[in-house]
Amino acid sequence: MRIPCPHCGERDRREFTYQGADEILDRPDREATVEAFADYLHLRTNPAGDTRDLWYHDPCGTWLLVERNTVTHAVKSAKLASETKA
Amino acid sequence: MRIDGKGLVDRSRSVPFSFDGERMTGFAGDTLASALLANDIRLVGRSFKYHRPRGVYGAGSEEPNALMTIGSGAKADPNVRATTQELFEGLDAHSQNRWPSLRRDILSVNDLLSPFLGAGFYYKTFMWPRSFWEHVYEPFIRRAAGLGALSGEHNDDRYERAFAFCDLLVIGAGPAGLMAALTAARAGVDVILADEDSQMGGRLLAETHTIDGKPGPVWAEEVLSELRGMDNVRLMSRTTVTGAYDQGTFGALERTGHHLPRRDHAPIECFWRIVAKRSILCAGALERPIAFPNNDRPGIMTASAVRGFANRYGVVGGREVAVFGNNDDAHRTARDLIAAGVKVTAVIDSRADAEVTVDAPVFTGAQVIQTKGRLGLEGLTVQQGTRAHKVRADILAISGGWNPSVHLTCHMNGRPVWNDAIQSFLPRDGAIPDMTVAGAANGAFSNAACLAEGAEQGAKAAKALGRKPAKTTLPEAEDTPYRLQALWAVEGRGRKWLDFQNDVHVKDIRLAALENFRSVEHMKRYTTQGMATDQGKSSNVAALAVLADATGRGIPETGTTTFRPPYVPVAIAAMGAGAQGKGFAPQRFTTSHAASVARGAPMIEAGLWYRPSYFPEVGETNWRQSCDREVNMVRTSVGICDVTTLGKIDIQGPDAAQFLDFVYANTISTLAVGKVRYGLMLREDGYVMDDGTCARLGDTQYVITTTTAAAALVMRHLDFVAQALRPDLDVQIVSVTEQWAQFGVVGPKSRELLNSIVDSEITDENTPYMACRPVQVAGVAGRLFRISFSGEHAYEIAIPARYGESLYRQLLAQAETLGGGPYGMEALNVLRIEKGFITHAEIHGRTTAFDIGMARMVSPKKDCIGQTMARRDGLLAEDREQLVGLRPCGAVKQLTAGAHLFAEGTPATRKFDEGYVTSVCYSPTMDGYLALGFLKNGRARHGQKIRLVDHLRGIEALCTVCDPVFFDPEGGRLRG
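Here the protein sequences come in this chain order: A and B.
Note that the numbering used here has the first sequence beginning at 1, numbered continuously upward.
Note that the numbering used here has the second sequence beginning at 1001, numbered continuously upward.
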């Protein structure tokens, strides 16, 4: 598996650390309930098909939002996690 | 024997080698198999289960029988196929699975017992007593049934791994592969052509066909020579593509050293990961056998192998050859041999209507129903109609038809498709993204068809890659139609072998079906059909046909077992090349490493780092003496300890303070410039992640420390928070762990020591407790932190790493003039336990700020990672296990970390478990054992007695619960 790091180009999977689904980007506010945080931390949709998840490219210290397919294993794109929030 | 004037081997260069200790010679260009046959050796091994005599069967990597151990001792390489092992001077080959010798093998008695040893025998027989399986039956069966063995010694052969990238990977360099590569390469495509043979050309090297009027090998060499001259082509011979994976990735094993005597430091194999935008599979086809009674005697081989040995190596394994087939292709073997002057005693074709135009006795509509010859074939019986004929032969060439090598197309779950015309499976279209199949692998068996498909797919690939291929004129080549009539198994008395490697015969498959192992996957596992090194390359399709027949289904309905990577056996050492020893766990050394080692300090691993455990002095006979002395030294004068391995992270930016408030549970933004604060980091689920110090070096610059173990984790976490959660904050983060060497200078005389080496005086006023500031050491800019992990008046001094070693030596020299010296991890641990300071023994991922008595540090005034979840009721319950100190009541021999805590008078069982011990030490300061641990409602139980029980080590001690800070609880020494 290779992921196209926007900084480094297409790199081997061994250079990356997996985090999990992109739902982790939507952190609830401080005012949110414990239940909302529990959902945020633990509930995942686990799709068969297109998915978006976060990978850390260790050599350049960059978090990436990767679009890939869990059925075909195709990796469609990777962009900087820092640029996913307007 | 050799056939005069035949073959591509170099007869001017003879190559001596040995087989089972006997010296022989072959020629340059031989394989071990061809050289053995040239030396009239037909018996080369004993079969797996019944120890049946076996000979060379095929001529390539599909070989099931001729497995050898090459070399001896630690470097011995077992289960090498003689058909792929190139001959070299001094090659030392040994047969396997026989004792005491190949000709007289004691365990061939198994063959006499074979009526009792059919499929499932072990499962049915060795049922009881249950305990016998592991200790009696299995070891015996494993010894009796076997392949070659490893020496058990460390093998320091070198293996490599490598990556390659290309536009087009062509797999196989026969006529289809050569044509595909040539067409694409001429269009400018970046091509890798990989072929598992030592010489490219595939079947062209093994046949007498002409291409464009030239002998096949000559035409192949012309193409190769053109390809070699092109910068956009890489030719990889001796390279088997072993697997097809996602995103156009292929595994490939290059045998870089097996064809040469072992050379030091030269790798023997290289495992490639080849990434290709497109690929063309031109893997050819494998000839399959026909099952008939006793069809496994040495001398019985595939027809293509017999022909190939004659045409390529000028070798025939005997003097009288018979041919038995169900298709026209088999006749070529007879024709080639007759043309070469070899005596052909019979051509047997199972088809009644076959046209056989060879100058030899012909039996059409006939079958071989029996063979004879104990250690090698002597003759056979042919049944034609009602008549049986005896035929003399010491070589029998068999052809049951060809199976396209579809293996790689199945590696991503694609199932092959049954084709009636060729009575075999073809690759499924699109089974591997961006891969097409050409030539015999696609069921196109004539040279003309192979060349045409190769050219077509090469051009197609070039177009898909944005190139414009020129129109190629196809070379002239034979286009013989391939006609066959299915024949899988001949009836008759005796075992009809299918899988030679696993000793599976027709009756085993039928028995499996009878006992309801009707699914092909069940049959495989019940009979072991298709397992081991050849993975049933020659036998699978025939076995399926027999199963289909036994279950009354068609072959397509029966289905196939799953082909998985690797296509040929791959040594773990090749796939894991570079990951042994230091490659597996690289060593990280601090700048003081050499000095510590020079003082005799045993180094212990801390992650990948190495740190001194203690510094033994003359007269000290165990670590405790050294450790106790070092603790006393620190508490009374001064000790030096390298703390470089702690993670150091530099954080800068206008929003750095706000960022730190968000990642630390406690408030950092209120920290003044030039001050240090302890910081506690939580995970988002409210549990403690790590702790360390945070120093404010300037308005917008901080440097924080992490524990050694969590340095990388914390770095990744901070990057995550900054980039993924809070990209709104203007902050930059970088690890500086390796850039700064940092040393603890610890003890009442620490300031005195430092003042002897820094350029301007340190006082309590300019550097109070928890201060930080720049310092100059001999003109070099460093940083000084007044922090303590020991409870003593202490500093940490940081210097750019290139000065680390020199500073360390200077600190030691000065310390020793003050009665101090270095101390190691053991003393460091004792010093921190005496003060109740925590490490990852305590913050092990299941404890909260509440548990370690730091709940109040989680500031409610701001948001931070973990704040909400740390508030969960269950995480603040009084009956949670809380950090406590433990001191034994009376003398004990030892306390142990990992022991559990029980109330007095309760049984020491799980139900009554009230906590556990995380850290223990002998404290010379307190003159006794100390322990830290977690105890239910522990903070309210100071003064109570608790039983410490270690079931594992058989230790029990009564302890008093106390505050975790054992020494100097007021902290007066810190500030002194």
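Note that the Cβ used here is the ideal one computed from N, Cα and C, for glycine as well.
Please read all numbers here as calculations on a predicted model, not as lab measurements.
Exercise. Are the C-beta atoms of A1440/B and some chain A residue less than 8 angstroms apart?
Worked result: no
Exercise. What span of residues does the alpha helix (DSSP H) with E1834/B cover, start to end?
Worked result: 1825-1834
Exercise. In or out: Y1123/B buried (at least 16 other Cβ within 10 Å) or exposed?
Worked result: exposed
For this session: Using 10 angstroms around the beta-carbon of N1447/B, count the other beta-carbons present and answer buried if the total reaches 16, otherwise exposed.
Result: buried
For this session: Spell out whether any CB of chain A is found under 8 angstroms from the CB atom of P1616/B.
Result: no
Exercise. Relative to the C-alpha of P1888/B, which residue among R1910/B, D1851/B, V1015/B, E1956/B is closest?
Worked result: E1956/B
Exercise. In terms of residue numbering, what span does the alpha helix (DSSP H) encompassing V1634/B cover?
Worked result: 1623-1636
Problem set entry | Residues near H7/A in its chain [Cβ-Cβ closer than 7 angstroms; skip 5 each side] | C60, T62
Problem set entry | Supposed close pair F16/A, I3/A - CB separation, criterion 8 angstroms | 6 angstroms
Exercise. Along the chain, where does the beta strand (DSSP E) that runs through S1114/B open and close?
Worked result: Per DSSP, S1114/B belongs to no beta strand (DSSP E) and is neither H nor E.
Exercise. Taking Cβ-Cβ distances shorter than 8 angstroms, what residues in chain B pair up with F37/A?
Worked result: E1684, T1868, M1869
Exercise. In this structure, does DSSP put H1505/B in helix, strand or coil?
Worked result: strand
Problem set entry | Of the residues G1836/B, S1047/B, R1054/B, the one placed nearest I1041/B, counting alpha carbons only | R1054/B
For this session: Starting from the Cα of S1018/B, find the closest Cα among G1007/B, T1031/B, S1012/B and give me that residue.
Result: T1031/B
For this session: Apply the 10 Å Cβ neighbour rule to I1432/B and answer buried if 16 or more other Cβ atoms are within range, or exposed otherwise.
Result: buried
For this session: At 7 angstroms on the CB atoms, spell out the chain B contacts of W63/A, in chain order.
Result: D1719, F1720, Q1723, A1724
Exercise. If you pair each beta-carbon of the stretch 1784-1802 of chain B with each one of the stretch 1572-1588 of chain B, do three or more pairs fall below 8 angstroms?
Worked result: no
Exercise. Chain A beta carbons: is any one of them nearer than 8 angstroms to that of M1247/B?
Worked result: According to the sequence provided, residue 1247/B is Gln. The question's Met does not apply to it. For Q1247/B, the answer is yes, since a Cβ of chain A falls inside 8 angstroms of its Cβ.
For this session: Starting from the N-terminal side, write out each stretch of the alpha helix (DSSP H) that is 4 residues or longer and does not extend beyond the stretch 1182-1240 of chain B.
Result: 1216-1228
Problem set entry | Chain-ordered chain B contacts of R2/A [CB-CB under 8 angstroms] | Q1247, T1249, V1275
For this session: Closer than 8 angstroms by beta-carbon distance: list the chain B residues that pair up with Y56/A, in chain order.
Result: R1716, D1719, F1720
Problem set entry | Closest Cα partner of I1106/B within the set H1051/B, V1080/B, Y1245/B, E1478/B | H1051/B
Problem set entry | Proximal chain B residues relative to H73/A, where beta-carbon distance stays under 8 angstroms | D1246, Q1247
For this session: Mind checking who R1081/B pairs with in its DSSP beta bridge?
Result: L1067/B
Exercise. Chain A partners of R1872/B, CB-CB under 7 angstroms?
Worked result: V34
Exercise. Is there at least one Cβ from chain A nearer than 8 angstroms to D1863/B's Cβ?
Worked result: yes
Problem set entry | Given V1568/B as reference, the closest of G1177/B, N1079/B, L1901/B once Cα atoms are compared | N1079/B
Exercise. Quick one, are the C-beta atoms of P1289/B and R1493/B less than 8 angstroms apart?
Worked result: no
For this session: Output, in sequence order along the chain, the residues in the stretch 1726-1744 of chain B whose CB is closer than 7 angstroms to any CB in chain A.
Result: P1727
Exercise. Taking the alpha carbon of V1775/B as the point to measure from, which residue in L1147/B, E1761/B, I1787/B has its own alpha carbon closest?
Worked result: E1761/B
Exercise. Is there contact here, the stretch 1554-1568 of chain B with the stretch 1515-1527 of chain B, by at least three beta-carbon pairs under 8 angstroms?
Worked result: yes
Exercise. Roughly how many whole angstroms lie between the Cα atoms of S1538/B and T84/A?
Worked result: 54 angstroms
Exercise. If we ignore side chains and look at the alpha-carbon of each, how far apart do D53/A and G1248/B end up?
Worked result: 22 angstroms
Exercise. Straight-line CA distance for A1977/B to V1731/B?
Worked result: Limits of chain B in this structure are 1001 at one end and 1976 at the other, which puts residue 1977/B out of reach.
Exercise. At which residues does the beta strand (DSSP E) containing Q954/B begin and terminate?
Worked result: Here chain B has residues from 1001 to 1976 only, and residue 954/B is not among them.
Exercise. Secondary structure at F1785/B, three-state DSSP: helix, strand or coil?
Worked result: strand
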